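As structure tokens, the structure follows; a few thoughts come after it.
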Amino acid sequence: MAIALLASSVLAGSGAALADPVFNRIASFPVASNLPADMPAETQTSSEIITASQDGNMLIYSDSPAGGIGMIDITDPRAPKPAGFVAMEGEPTSVAVAGPDVLVGVNTSESFTAPSGRLAVVDLATKAETASCNLGGQPDSVAVAKDGAYAAVAIENERDEDLNDGEIPQMPAGNVVIFKLTDGVPDCASMVTVDLTGLAEIAPTDPEPEYVDFNDAGEIVVSLQENNHFVIIDAATGKVTADFSAGAVDLEGIDVEDDGKLDFTGSQEGAKREPDTVQWIDDDRFISANEGDYEGGSRSFTVWNKDGTVAYESGTALEYELIRAGHYPDKRSDAKGGEPEGLEVATFGDVSYAFVLSERGSAVGVYRLGEGDPEFLQLLPSGIAPEGAIAIPARNLLVTSNEADLIEDGGARSHVMIFERAEGEQAYPTIVSEDQDGVPVGWGALSGLAADPEDASRLYAVSDSFYENQPAMFTIDASAKPARITAKTVITRDGQPAEKLDLEGIAPAADGGFWLANEGDAEKEIPHQLLRVDADGAIVEEVPFPEALVEGATRFGAEGVTMDGDRLWVAIQREWKDDPKGSVKLLAYDTASKEWSAVRYPLESAETGWVGLSEITAHGDHLYVLERDNQIGAAAKLKKLYRVAKADLAPAAIGGDLPTVTKEEVHDFIPDLQANGGYVVDKIEGFTVAADGTGYAVTDNDGVDDSSGETLFFPIGKM
1 MAIALLASSV LAGSGAALAD PVFNRIASFP VASNLPADMP AETQTSSEII TASQDGNMLI
61 YSDSPAGGIG MIDITDPRAP KPAGFVAMEG EPTSVAVAGP DVLVGVNTSE SFTAPSGRLA
121 VVDLATKAET ASCNLGGQPD SVAVAKDGAY AAVAIENERD EDLNDGEIPQ MPAGNVVIFK
181 LTDGVPDCAS MVTVDLTGLA EIAPTDPEPE YVDFNDAGEI VVSLQENNHF VIIDAATGKV
241 TADFSAGAVD LEGIDVEDDG KLDFTGSQEG AKREPDTVQW IDDDRFISAN EGDYEGGSRS
301 FTVWNKDGTV AYESGTALEY ELIRAGHYPD KRSDAKGGEP EGLEVATFGD VSYAFVLSER
361 GSAVGVYRLG EGDPEFLQLL PSGIAPEGAI AIPARNLLVT SNEADLIEDG GARSHVMIFE
421 RAEGEQAYPT IVSEDQDGVP VGWGALSGLA ADPEDASRLY AVSDSFYENQ PAMFTIDASA
481 KPARITAKTV ITRDGQPAEK LDLEGIAPAA DGGFWLANEG DAEKEIPHQL LRVDADGAIV
541 EEVPFPEALV EGATRFGAEG VTMDGDRLWV AIQREWKDDP KGSVKLLAYD TASKEWSAVR
601 YPLESAETGW VGLSEITAHG DHLYVLERDN QIGAAAKLKK LYRVAKADLA PAAIGGDLPT
661 VTKEEVHDFI PDLQANGGYV VDKIEGFTVA ADGTGYAVTD NDGVDDSSGE TLFFPIGKM
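Sequential numbering of the sequence shown, starting at 1, is according to our numbering.
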């Protein structure tokens, strides 16, 4: 049964936040554009840990796959430019600016059992390596004291995850090394090695420090991720002054299975935090992002007092914000959920913020810090797998670095994202779900859109086969900002969630129910068909495509459905075996006579990849058709809306000669997809025209699987 939902807590709180400055993305930079001319453009790249020059005009990031560090000129932050790439002899793991230089941790290990590395010094002006110190092990995190007096390096000496299922201890043990700095250059002879063995309850002989950070008092906090432990070191003496366990969290109301559905009724007891990034808030408190690694991960972040007591534990709070915004990664449900990994703490004006990076949710939670509990302010879209962040308060900027590069799969490249703090409204998210009984309604992979015939503010959407065990349609309040998913209705057959569905289109039916388009795939035994469901989502009629049509079918089937009188029109995404190249079918199904017919629709040519249809909707005297290529980022060239006059439609019987329609371009979506400062996503999949004539579009976020997780929902004005 369709469910009425309660208002979301995030929405209830967002009105107050709008009175204050907000963060909005203003630019994104594909780090592959920084590759040297002698490296192929398809070289895999990454932006992992990122820092900024002292004047805030230059970004520097570590690029482990490409074997160097990249630099980005953000003199104009809205137009970032390539500023150079410095190849390092080894694998750069971390960067930290020290005066006019950047310190680079470089892993040169021959093996897990023979780790080695160095701390390299690169002059930012000349982009040349000017000095190097032997570290005696494999570096991970590098940090510089606020006063520039010291640098600290976490020597992880990471374990071999393929050896004994990654069980620790695995020697050699890790440690922390500290250097004195002079004008940004470390004195190699001053290196102090801090022994961390014998401290943690878990594998005390094999500490694996993950991250280091300085406070203003010259203290270093260290996270030992696999050991689930923290250590505090006095930088001046190299002495351990405190250490304590990171403990565990009991989680309720979470999804614990990767099963093609969103079910937030599970629980997990005693989830070890296993913190990754750790940052001081002030001299007495620090915050940890509890990603998990060895055998834990609590999906949370924690604020700690320096004495080891917990000042605040987020529990599921950040994960619930991901769910509301459609950023929850269901395929990580049986692991560590959204995996908070990176952090940045900074003060802008008189407001202190914590920016918590969800690696698997590909988003950033922005929290206001004060004496009490952190206050959630907004969620930022960050690209795929955010790893690092740097705040530049003097320029009102926040920057995130995203490590994933999906070039081998034709996906998005690694990007650096730039956000600005300014007066105004939050531009993202553009659509969120409300809560039911205190738990957000899970959603994602929106693949089709339809309008209520009478209520201009009410739209409907469906999700595709990503959630194969929970096919659903959603009710949307388009008048809200952001738009709100107010109800989720699971599609059922005989009282159970329907199987073998890949819903790609939805259209209101005359009886108060809906028609749904199911994209078939013979290899997965998913039929090409139309479904009629009642208002509660129960299937009341299944209409298979005629055999004469299915004989030529491919897996690229129905991508949209719309009702025009008694006739349903169905858009087929790509050419089938009986179609001329560059031509696809618009199918017509007469709901009264049960007869099928079709016309041909001419596709635009693809510069790269393929071009196909994603949606169809009837409005006024026309059928509107969404046509797109399958390209992403700079390679995306075609994301357009066309229309076909109904008066020119004369569908012919299946199996005979089909007439070809004439189309007219109506709207180019690429400027809309660029408007939020990100790269152009590939899947704009839903379009409809509301009862008042306003056109609305929505993108498919692929369930946050090899995707940024962003869903862009937006109007394009009166049609």
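By construction, the Cβ of each residue, glycine as well, lies at the ideal position given by its N, Cα and C atoms. This one's a predicted model, so the numbers in the text were calculated from it and none came from an experiment.
Where residue i falls: helix, strand or coil (DSSP)
i, result
"Arg324", "helix"
"Ser457", "coil"
"Pro671", "helix"
"Lys640", "strand"
"Pro393", "helix"
"Met1", "Low per-residue confidence applies at Met1: pLDDT is 32, beneath 50, and the placement is therefore not dependable, though the value from the model is reported in the following sentence. Three-state DSSP puts Met1 in coil, outside helix and strand."
"Ser465", "helix"
"Asn402", "strand"
"Gly703", "helix"
"Ile407", "helix"
"Leu11", "Legend: pLDDT at Leu11 = 40, less than 50; position of this residue unreliable, no value from coordinates given."
"Leu318", "helix"
"Asp276", "coil"
"Asp590", "strand"
"Asn630", "coil"
"Glu523", "helix"
"Lys239", "strand"
Cβ distance (whole Å) where residue i is taken to contact residue j below 8 angstroms
i, j, result
"Gly565", "Gly444", "So it is not a contact: roughly 33 angstroms between Cβ atoms."
"Gly383", "Ser352", "Incorrect: roughly 25 angstroms between the Cβ atoms, too far for contact."
"Tyr679", "Pro21", "Their Cβ separation, rounded to whole angstroms, is 25 angstroms, which puts Tyr679 and Pro21 out of contact at 8 angstroms."
"Gly537", "Thr489", "4 angstroms"
"Leu357", "Glu375", "With a Cβ gap of about 18 angstroms, Leu357 and Glu375 do not count as contacting."
"Gly686", "Ser479", "Actually they are not in contact, since the Cβ atoms of Gly686 and Ser479 sit about 18 angstroms apart, beyond 8 angstroms."
"Ala200", "Asn227", "4 angstroms"
"Leu530", "Leu568", "7 angstroms"
Neighbour-count burial assignment, residue i, 16 or more Cβ in a 10 Å radius
i, result
"Leu163", "exposed"
"Gly90", "buried"
"Ala79", "exposed"
"Ala385", "buried"
"Leu540", "According to the sequence shown, residue 540 is Val rather than Leu. Exposed, because fewer than 16 other Cβ atoms sit within 10 Å of the Cβ of Val540."
"Gly198", "exposed"
"Ser14", "Legend: pLDDT at Ser14 = 41, less than 50; position of this residue unreliable, value from coordinates given subsequently. Burial call: buried."
"Gly717", "exposed"
"Thr562", "buried"
"Lys577", "exposed"
"Asp682", "buried"
"Ser314", "buried"
"Met719", "buried"
"Gly68", "buried"
"His495", "First, the amino acid is wrong: residue 495 is Gly here, not His. Looking at its Cβ environment, which holds fewer than 16 other Cβ atoms inside 10 Å, Gly495 is exposed."
"Glu321", "buried"
"Asn305", "exposed"
"Ser267", "exposed"
"Lys81", "exposed"
"Met171", "exposed"
"Ser605", "exposed"
"Asn755", "No statement about residue 755 is possible, as the shown extent of the chain runs from 1 to 719 and does not include it."
"Pro651", "buried"
"Thr277", "buried"
"Thr699", "buried"
"Asn402", "buried"
"Glu710", "buried"
"Pro671", "exposed"
Sub-8 angstroms separation of residue i and residue j beta-carbons
i, j, result
"Ala558", "Ile50", "no"
"Met39", "Met58", "no"
"Gln225", "Glu274", "yes"
"Gln138", "Gly166", "no"
"Ala145", "Phe214", "yes"
"Thr400", "Met417", "yes"
"Arg458", "Asp477", "yes"
"Ala143", "Ala96", "yes"
"Gly677", "Ala27", "yes"
"Val704", "Pro329", "yes"
"Lys640", "His667", "yes"
CB contact below 8 angstroms: residue i versus chain B
i, result
"Pro21", "Here chain B cannot be found, since the structure has a single protein chain."
Every unbroken beta strand (DSSP E) within the segment 147-194, with a cutoff of 3 residues, ordered by chain
150-155, 175-182
What runs of the alpha helix (DSSP H), each 4 residues or longer, lie entirely inside the segment 545-575?
547-550
Write down every uninterrupted run of the alpha helix (DSSP H) in the segment 302-388 whose length is 4 residues or greater and which is fully enclosed by it, in chain order.
317-324
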